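So the structure is just underneath, and the comments pick up after that.
Protein chains: 2
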Amino acid sequence: MNPTLTTLMAHRSIRQFTDQPLTATEVDTLVTAAQHAPTSTFSQQYSIISVTDPAKLAVLSDVTGHHWLEQAGHYFIMVVDQYRNQQLVPATATTTANLHSLDKLLAGIFDATIATEAIVTAGESMGLGSTIMGSILNDAQRVIDLLDLPPLTFPLLGLAIGHPDEQPEQKPRLPQPLMHFTNGYQRLTADDPTLVAYDRLITDYYHARGSHQREETFTHHIISEMNRDPQNRATILTTLQHQGFLVD
Amino acid sequence: MNPTLTTLMAHRSIRQFTDQPLTATEVDTLVTAAQHAPTSTFSQQYSIISVTDPAKLAVLSDVTGHHWLEQAGHYFIMVVDQYRNQQLVPATATTTANLHSLDKLLAGIFDATIATEAIVTAGESMGLGSTIMGSILNDAQRVIDLLDLPPLTFPLLGLAIGHPDEQPEQKPRLPQPLMHFTNGYQRLTADDPTLVAYDRLITDYYHARGSHQREETFTHHIISEMNRDPQNRATILTTLQHQGFLVD
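These protein sequences, in sequence, are chains A and B.
By the numbering used here, the letter at position 126 of the first sequence is numbered 113, and the numbering carries on one by one without gaps.
By the numbering used here, the letter at position 159 of the second sequence is numbered 146, and the numbering carries on one by one without gaps.
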């Protein structure tokens, strides 16, 4: 296996960091790696905000509930950004109506998400660990206000990154026959023997791991996720519209 | 620079391939790399469909307008998938209502998009080249029918991958001061000198490159994108709702 495959296959999320911050050169390298990733129609429809102000990190800690982010070596907010491209266009030149569309929102989401994964991989190759945080969407409006985000931008993902101070076990992934198909979708039933075997594997993983041992199957994990109160995420659509997306 | 950073920094989209198909082992390695990438709340909310049937590839070629995809060494469709997790849940156990939410749709989009970038990077480390295709959204319903996709799934991105038969120049990215900020968003104006310099850089790139030379600036490219008829994408929202997303 080549070093990049070894890096990709060794991924785990890191939530405990040493107190060593990232250097400016390391941050620059991570952003440069993100910039070289694919971008939809070469439109570069995202921006990256480094959050270094402790008071702002405390707000993000409160929004996400992940208080350990304040101890990370660095923190990025990955932003969908159609605002910059709108600014490029002379007022008389064209209509910018399609920047408000679902199509362009998705393009910005692709760009920002691909850039996030590029930073995760680049960081891991440099000995850094990270956790992607969808939980900034618990209160996207508060993040928008915190970072003074203009219309046609949206804070999509947080990324805590730093020098790892833990080495967690890797969670076993679904067997490929349950998630990789050829020429058409294969429907799964709950009594599929491959799934039953996978549930047992997840049970063994949670028994064997060094910390936070618990009784768990993948099925039970999914049921727990479904029962989580989605109330705090119900405002995402309203916030997107407030930012100028999906308004036609 | 370590080999993974070298791989990430060397990315370019590849649209011309030799006639050498990927081996089953190579496809397996790419899917395994995707599986090890981060997944939101460990819910693995995506599936991958390999399209090998020439008749189905011809349909995708028609949907995307990228007829060269039929010559790629392999073709993946990356699918948002909340259906599998819904199937795991006994009918009496819980409500699956939140699988229909924007929150869970976004989680599935994150998972599928992150997995796509992991395959791009894994492939490049193996000497393969690829192009991500958002253009399957030109007619998402046709792709759904083609691959027999069940409710709570959505075909998000195509990925053509194979052995490169071209070595295109790399497009220069935005200067970092225009897209990486600290503690808050920095608004851009169209006469920003950094932007003017970047526009000149893009002009030089299009003059210098080996093929498809043209007169172009980044600003002009963005204006062209805005003027593209978005009509064929207007059905994305309807198709998402038809698949059971965003229906409450």
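Just so you know, even glycine gets a beta-carbon here, dropped at the ideal spot from N, CA and C.
Note that the structure is a prediction, hence the values are computed from the model and not measured.
Contact under 8 Å by Cβ, residue i with residue j
i	j	result
L139 (chain B)	Q73 (chain B)	yes
I106 (chain B)	A20 (chain B)	yes
I64 (chain B)	I123 (chain B)	yes
P(-10) (chain A)	T(-9) (chain B)	yes
V46 (chain B)	R129 (chain B)	yes
T103 (chain A)	L144 (chain A)	yes
L56 (chain B)	A147 (chain B)	yes
F29 (chain A)	F141 (chain A)	no
V18 (chain A)	Q163 (chain B)	yes
S37 (chain B)	H167 (chain A)	yes
G114 (chain B)	I1 (chain B)	no
L75 (chain B)	I209 (chain A)	yes
R220 (chain B)	N85 (chain B)	no
T10 (chain B)	N170 (chain A)	no
T176 (chain B)	L165 (chain B)	no
Y70 (chain B)	L44 (chain B)	no
M213 (chain B)	T82 (chain A)	yes
L(-5) (chain A)	H23 (chain B)	yes
Own chain partners of residue i with C-beta closer than 6 Å, once the 5 adjacent residues on each side are dropped
i	result
H3 (chain A)	The residue you asked about is not His; residue 3 (chain A) is Gln in the sequence shown. D152, E153, listed in sequence order.
R(-1) (chain B)	P155, Q157
Where residue i falls, given that 16 or more other Cβ within 10 Å makes a residue buried
i	result
Q230 (chain A)	buried
D68 (chain B)	buried
G149 (chain A)	buried
R160 (chain B)	buried
V234 (chain B)	exposed
A127 (chain A)	buried
G52 (chain A)	exposed
D90 (chain B)	buried
V183 (chain A)	exposed
A109 (chain A)	buried
H54 (chain B)	exposed
R215 (chain B)	exposed
Q228 (chain A)	exposed
T16 (chain B)	buried
T206 (chain A)	buried
E156 (chain B)	exposed
Coil, strand or helix - residue i by DSSP
i	result
T236 (chain B)	Because chain B in this structure spans residues -12 to 235, residue 236 (chain B) falls outside the shown range and cannot be described.
I119 (chain A)	strand
S30 (chain B)	coil
T106 (chain B)	It is Ile, not Thr, that sits at residue 106 (chain B) in the sequence shown. Reduced to three states, the DSSP call for I106 (chain B) is helix.
S0 (chain B)	coil
Cut-off 7 Å between Cβ atoms - residues of its own chain near residue i, not counting five sequence neighbours on either side
i	result
T204 (chain A)	D186, I189, T190
F97 (chain A)	S27
Y33 (chain B)	M65, V66, V67, D68, G95, D98, A99, A102
Y172 (chain A)	none
T(-7) (chain A)	none
G121 (chain A)	L144
S48 (chain A)	H54, L56, E57
I223 (chain A)	L124, A127
Contact test: residue i Cβ vs the ligand ADP heavy atom, cutoff 7 Å
i	result
G231 (chain A)	The ligand ADP is absent from the structure shown, which contains no ligand whatsoever.
Spatial neighbours of residue i in its chain, beta-carbon cut-off 8 Å, leaving aside the 5 residues before and after
i	result
M5 (chain B)	Per the sequence shown, residue 5 (chain B) should be read as Thr rather than Met. Answer for T5 (chain B): G60, G149, H150, P151, D152, listed in chain order.
A41 (chain A)	Per the sequence presented here, residue 41 (chain A) reads as Pro, with Ala not at that position. Within the same chain, P41 (chain A) has close Cβ partners E57.
Q7 (chain B)	G60, G149, H150
A195 (chain A)	E156
I35 (chain B)	V18, A21, F63, I64, M65, V66, A102
V14 (chain A)	S37, H61
*Segments assigned beta strand (DSSP E), at least 3 residues, entirely inside the segment 47 to 87 of chain A*: Here the runs fully enclosed are 61 to 68.
*Could you name each continuous beta strand (DSSP E) segment of 3 residues or more that falls completely within the segment 135 to 219 of chain A, going from the start of the chain to the end?*
Here the runs fully enclosed are 140 to 149, 167 to 169.
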